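Student:
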Amino acid sequence: MVHPAAAHCVLTAFLCMWVLCNAQSNSGTPVIQLRLAGENRKHHEGRVEVFYNGVWGTVCDDDFSIYAAQVVCRELGFVDAESWSPSAKYGRGEGQIWLDNVYCAGGEKSLAQCGSNGFGVSDCKHSEDVGVVCNQKRIAGFNEGEHHPVEDVRIRATYAHRKRVPITEGFLEVKDGGKWRQICNEEWTEMNSRVICGMYGFPGEKRFNVKSYKLLAKRRKKNYWGFSVNCTGNEANLATCKLGRAIELKGNSTCGKGMPVVVSCVPGRAFAPSVSTGFRKAYRLEQPLVRLRGGAMIGEGRVEVLKNGVWGTVCDDNWNIRAATVVCRELGFGSAKEALTGARLGQGIGPVHMNEVECSGFEKSLTECHFNRDSLGCSHEEDAAVRCNIPAMGFHNRLRLNGGRNPYEGRVEVLAERNGSLVWGTVCSDSWGTMEAMVVCRQLGLGFASHAFQETWYWQGDSSADAVVMSGVRCSGTELTLDQCLHHGKYVHCPRGGGRFAAGVSCTQTAPDLVLSAQVVEQTTYLEDRPMYALQCAHEENCLSSSANKADASSYRRLLRFSSQIHNNGQSDFRPRAAPHSWVWHECHRHYHSMEVFTHYDLISLNGTKVAEGHKASFCLEDTHCDDGIQKRYECANFGAQGITVGCWDTYRHDIDCQWIDITDVKPGDYIFQVVINPNYEVAESDYTNNILKCRSRYDGQRIWTYNCRIGGSVSSEAEETFPGLLTNQLSHR
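So this is what it looks like as structure tokens:
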């Protein structure tokens, strides 16, 4: 029998590691978790709650200060605190008040390092619960990459499985007292394995060959932990499972009739091993019911669901880790790391399909969960999002950035096989662009691409890696790794060579997301016949069809005019890539073009042939209007800064030059009217699928009808028959 005192120590050790109660870091500081909660709040503000001793509790406002608020906000991943609020501004919490008389100097890494009365020592009431408002900007690199919730638990693969990527099966071990120990399987359940698999990025568990593992276990030295754990299977993390009874250890720490726990997981299709590459290429289901949009990393994004053929978002009311885990597993990832609220990963478009979602955790799809169909009162400022656990694929080990001023930029260097050895080398910059840079940044866990560079002479990379080992790279932007993109095979072809022309990137944690208002376009289209003598400037800027080159000054051009309202729904401002000193002055219109081609306007036949076209140079990118509470930052007057602020929009009115398509030569018939924003991917965005707008148009020779306008990616695949190419993520110029 285990001595009661020893059993108590074992159970306490288990609690400390798995449930984070009284957990001590190396410095002796208790390990806690923080969250913001409460009523009528945005994602960066709320009541401060602390997870300690397996229970969530609050913090009293006595002696709290802006310095304590700074510590809280930084611990939650925000760059700083803006203010703090006493007296339960965000509503009264429940249960424990964990901390009282908190004193922070401001430089502490965790609230647990600040002075206080001690955990659970308080004379406060919940009417004194403290709240904070954090700066919305996130700390670069916070909560990203292939981290796992419990670093002291591992799946130890057998020798035969060790070279597989990812590792999906092996003995489960826990680190205790600096030593790895096995877990006895006498009371281990499939539900426990399901939770472990979820933590390691796998959607489910499967059976394994017990006989072979029994043989292996007999040969191994036994060193068991003496506890049991009881998971229901819907937990996102083993830390939230309940403790079972202590297991009786007999003899030399044996496991009675049992053996060490073995966990075998099922990877999602995107991560399933394959013979040739070690993993399968990125895939797309025929018609998913749930998808993620706007995320910088693999396995994160705004949650969108398909209803009646139209994609919409999920309101964050009651959004929690259990519902987020259903989404993650449905999409082939593991359990959720975070359930995000307040449109943390950008605002969606279209309807809000689901509100007050409640899941048991065992649903195959989020659409099977209970929810309130009435989303009145929900706006896209409340769009829910998730961050999922993904398998450790080692993607970041095959690629690196070198020579940059910081870890987010540099010359791209890849690990390639040459003459039987793995060597580092550069990538040819021919055809190198934003899509390729996007894949690099995602593969390295560095977020979005901000720039793609075709010259990198100013970045001193590793001289031993100067040789070009990869060329002809063409990415769609959906690939998980650069070697999944199209590229030349064994023989590299790079006419300009490497050296100063090696490919480079710079990455960023946030990106803009431009979306055109379909309603504005549909409601403002009309025809105008305008004489050539009034179109001289537009003609100089190539805003008319080629037949205008032979037209005399007294002839007329028929113009399909419309307004466009372009919103920035992303997480950072949209800025022209070119610096002001390189903007091009156009004397005729007397203005600067910050982007030579900002939008393409096309009229396309139903068989996909372009019958008329126009383009809009970005002569002025500015904040025409903004949502309530957001201040305009960009104005073109007096050579001012150009851009579109997050939460603002730029309106190009129908009555300005080049805001049209010249349809003088178009015959009557049915057509597709198409607008593409940022068509050359000149500026990186978090989502390019919504940069395309298509409308049905009917022209009878005198009048035109424009109807049924749709944004790309906003409808189901069935809509493809009505709008050819609407769902395509790649634009035709490439």
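Throughout the sequence shown, residue numbering follows mature numbering (1 follows the signal peptide of the UniProt record, and there is no 0), covering -23 to -1, 1 to 711 in sequence.
No residue lacks a Cβ here, since even glycine has one placed at the ideal position from N, Cα and C.
Nothing here was measured: the structure is a model prediction, and the numbers come from that model.
For Leu423, is the classification buried or exposed, using 16 other Cβ atoms within 10 angstroms of its Cβ as the cut-off for buried?
Tutor: In the sequence shown, counting from the first residue as 1, residue 423 sits at position 446. Burial call: buried.
Student: Kindly say whether Val130, judged by its beta-carbon, lies nearer than 7 Å to any beta-carbon of chain C.
Tutor: In summary, chain C is missing from the structure at hand, where a single protein chain is found.
Student: Sort out for me which residues DSSP pairs residue 713 with in a bridge.
Tutor: Outside the displayed range of the chain (-23 to 711) lies residue 713, so it cannot be described from this structure.
Student: So the beta strand (DSSP E) Ser541 belongs to, where does it begin and stop?
Tutor: As a first step, residue 541 is located in the sequence shown; it is residue number 564 there, counting from the start. Where Ser541 is concerned, the enclosing beta strand (DSSP E) stretches over Ser541 to Asn545.
Student: Do you know offhand how far Leu670's Cα is from Thr628's?
Tutor: Position 693 of the sequence shown, counting from 1, holds the residue named residue 670. Position 651 of the sequence shown, counting from 1, holds the residue named residue 628. Taking the straight line joining both Cα atoms gives about 16 Å.
Student: Pick helix, strand or coil for Leu598, following the three-state DSSP scheme.
Tutor: Within the sequence shown, residue 598 is the residue found at index 621, counting from 1. Looking at Leu598 - three-state DSSP - the assignment turns out to be coil, as it is neither helix nor strand.
Student: Please work out which residues of its chain come closer than 6 Å, Cβ to Cβ, to Val172, disregarding the five sequence neighbours upstream and downstream, and give them in chain order.
Tutor: In the sequence shown, residue 172 corresponds to position 195, counting from 1. Hits under 6 Å: Cys208, Glu212 and Leu215.
Student: Among residues of its own chain, excluding the 5 on either side of Val561, which ones have a beta-carbon nearer than 6 Å to its beta-carbon?
Tutor: Taking the sequence shown and counting its residues from 1, one reaches residue 561 at position 584. Contacts found: His570.
Student: Candidates Val240, Ile298, Glu315 and Glu345: which alpha carbon is nearest Asp266's?
Tutor: Mapped onto the sequence shown, residue 266 falls at position 289. First, the residue type needs correcting, since residue 266 is Leu and not Asp in the sequence shown. The shortest Cα separation from Leu266 among Val240, Ile298, Glu315 and Glu345 belongs to Glu345.
Student: What first and last residue would you give for the beta strand (DSSP E) that runs through Asn685?
Tutor: As a working note, residue 685 is residue 708 in the sequence shown. Asn685 -> beta strand (DSSP E) spans Ile681 to Ile688.
Student: Taking the alpha-carbon of Ile298 as reference, which of Ile326, Phe185, Cys355 and Met176 has the nearest alpha-carbon?
Tutor: Here residue 298 refers to the residue found at position 321 when the sequence shown is read from its first residue. Considering only alpha carbons, the answer is Met176.
Student: Using C-beta distances below 6 Å, list every residue in its chain close to Ser691, excluding the 5 sequence neighbours before and after it, in chain order.
Tutor: To locate residue 691, count along the sequence shown from 1; it is residue 714. Once the five neighbours on either side are set aside, the close Cβ partners of Ser691 are Trp288 and Gly327.
Student: Verify whether the separation of the beta carbon atoms of Gln90 and Thr6 is less than 7 Å.
Tutor: Here residue 90 corresponds to residue number 113 of the sequence shown, with the count starting at 1. Here residue 6 corresponds to residue number 29 of the sequence shown, with the count starting at 1. A contact, by the Cβ cut-off of 7 Å.
Student: Between the stretch 359 to 379 and the stretch 390 to 410, are three or more C-beta pairs nearer than 8 Å?
Tutor: Because the criterion of three Cβ pairs below 8 Å is met, the stretch 359 to 379 and the stretch 390 to 410 touch.
Student: Cα separation between Val334 and Arg507?
Tutor: Counting from 1 along the sequence shown, the entry for residue 334 is found at position 357. Counting from 1 along the sequence shown, the entry for residue 507 is found at position 530. In a straight line, the C-alpha of Val334 is about 55 Å away from that of Arg507.
Student: State whether the stretch 637 to 657 contacts the stretch 464 to 477, with contact taken as three or more CB pairs (one from each stretch) at a distance under 8 Å.
Tutor: Touching, no, given that fewer than three Cβ pairs across the two stretches are closer than 8 Å.
Student: Would you tell me roughly how many angstroms separate the C-alpha atoms of Ala320 and Asp604, rounded to the nearest one?
Tutor: The residue given as residue 320 occupies position 343 in the sequence shown. The residue given as residue 604 occupies position 627 in the sequence shown. About 15 Å.
Student: Leaving aside the five residues before and after Pro244 along the sequence, list all residues of the same chain whose C-beta is less than 7 Å from its C-beta, in chain order.
Tutor: In the sequence shown, the residue the question calls residue 244 occupies position 267. For Pro244, where only same-chain residues beyond five positions count, the Cβ hits under 7 Å are Pro143, Thr145, Phe179 and Pro368.
Student: Straight-line CA distance for residue 714 to Glu662?
Tutor: Because the chain here runs from -23 to 711, residue 714 falls outside it and cannot be looked at.
Student: Figure out for me which residue from Thr666, Gly678 and Ile688 has the closest Cα to the Cα of Cys672.
Tutor: What you label residue 672 is simply residue 695 of the sequence shown in a count that begins at 1. If we check each option's Cα against that of Cys672, Ile688 comes out closest.
Student: Compute the distance between the beta-carbons of Asp38 and Val98, then report whether it is under 7 Å.
Tutor: Along the sequence shown, one-based indexing puts residue 38 at 61. Along the sequence shown, one-based indexing puts residue 98 at 121. No, Cβ-Cβ distance for Asp38 and Val98 is not below 7 Å.
Student: What residue does the alpha helix (DSSP H) around Val44 start on, and which one ends it?
Tutor: Stepping through the sequence shown from its first residue, residue 44 is reached at position 67. First, the amino acid is wrong: residue 44 is Tyr here, not Val. Where Tyr44 is concerned, the enclosing alpha helix (DSSP H) stretches over Ile43 to Glu52.
Student: Under 7 Å, do Cys101 and Ile74 count as touching if we go by C-beta distance?
Tutor: In the sequence shown, counting from the first residue as 1, residue 101 sits at position 124. In the sequence shown, counting from the first residue as 1, residue 74 sits at position 97. It is a contact, given that the beta carbons lie within the stated cut-off.
Student: DSSP on Asn(-2), reduced to helix/strand/coil?
Tutor: Here residue -2 refers to the residue found at position 22 when the sequence shown is read from its first residue. With a pLDDT of only 35 at Asn(-2), under 50, the local geometry of the prediction cannot be trusted, and no value is derived from it.
Student: Between the beta-carbon of Ser494 and the beta-carbon of Gln461, is there less than 7 Å?
Tutor: Indexing the sequence shown from 1 puts residue 494 at position 517. Indexing the sequence shown from 1 puts residue 461 at position 484. The answer is no: Cβ separation not under 7 Å.
Student: Take Arg535 as the anchor and find which of Tyr676, Gly233 and Leu322 has the nearest alpha-carbon.
Tutor: Counting from 1 along the sequence shown, the entry for residue 535 is found at position 558. Of the candidates Tyr676, Gly233 and Leu322, the one whose C-alpha sits nearest the C-alpha of Arg535 is Tyr676.
Student: Closest to Gly272 by CA distance: which of Ala194, Ala362 and Gln437 is it?
Tutor: Along the sequence shown, read from residue 1 onward, the residue named residue 272 stands at position 295. Cα-wise, what sits closest to Gly272 is Ala362.
Student: Terminal residues of the continuous alpha helix (DSSP H) containing Tyr370?
Tutor: As a working mapping, residue 370 is identified with position 393 in the sequence shown. Tyr is not the amino acid found at residue 370; the sequence shown has Met there. That residue, Met370, is in no alpha helix (DSSP H); it is neither H nor E in DSSP.
Student: Kindly indicate which three-state DSSP category Phe185 falls into: helix, strand or coil?
Tutor: By 1-based counting over the sequence shown, the position of residue 185 is 208. Correct three-state label for Phe185: coil.
Student: Would you please state the rounded distance, in angstroms, between the beta carbons of Cys452 and Val416? I believe it to be under 8 Å.
Tutor: Taking the first residue of the sequence shown as 1, we reach residue 452 at position 475. Taking the first residue of the sequence shown as 1, we reach residue 416 at position 439. Yes, they are in contact, since the Cβ atoms of Cys452 and Val416 sit about 5 Å apart, within 8 Å.
Student: Can Cys514 and Gly591 be called in contact, C-beta distance under 7 Å?
Tutor: Sequence index remark: in the sequence shown, residue 514 carries index 537 (1-based). Sequence index remark: in the sequence shown, residue 591 carries index 614 (1-based). No, these two residues do not count as a Cβ contact at 7 Å.
Student: DSSP state of Leu215, grouped into three classes?
Tutor: Against the sequence shown, residue 215 aligns to sequence position 238. Helix, per DSSP.
Student: List the endpoints of the continuous alpha helix (DSSP H) containing His516.
Tutor: Position 539 of the sequence shown, counted from the start, is the residue given in the question as residue 516. Unbroken alpha helix (DSSP H) run through His516: Gln513 to Glu517.
Student: Going by other Cβ atoms of all chains shown within 10 Å of its Cβ, with 16 needed for buried, is Gly354 buried or exposed?
Tutor: Position 377 of the sequence shown, counted from the first residue, corresponds to residue 354. Looking at its Cβ environment, which holds fewer than 16 other Cβ atoms inside 10 Å, Gly354 is exposed.
Student: Near residue 712, what residues of its chain come up, given a Cβ to Cβ distance below 6 Å and the 5 sequence neighbours on each side ignored?
Tutor: Coverage of the chain is limited to positions -23 through 711, which leaves residue 712 absent and any answer about it impossible.
Student: Are the stretch 521 to 531 and the stretch 620 to 627 touching, with three or more C-beta to C-beta distances below 8 Å?
Tutor: No, the stretch 521 to 531 does not touch the stretch 620 to 627.
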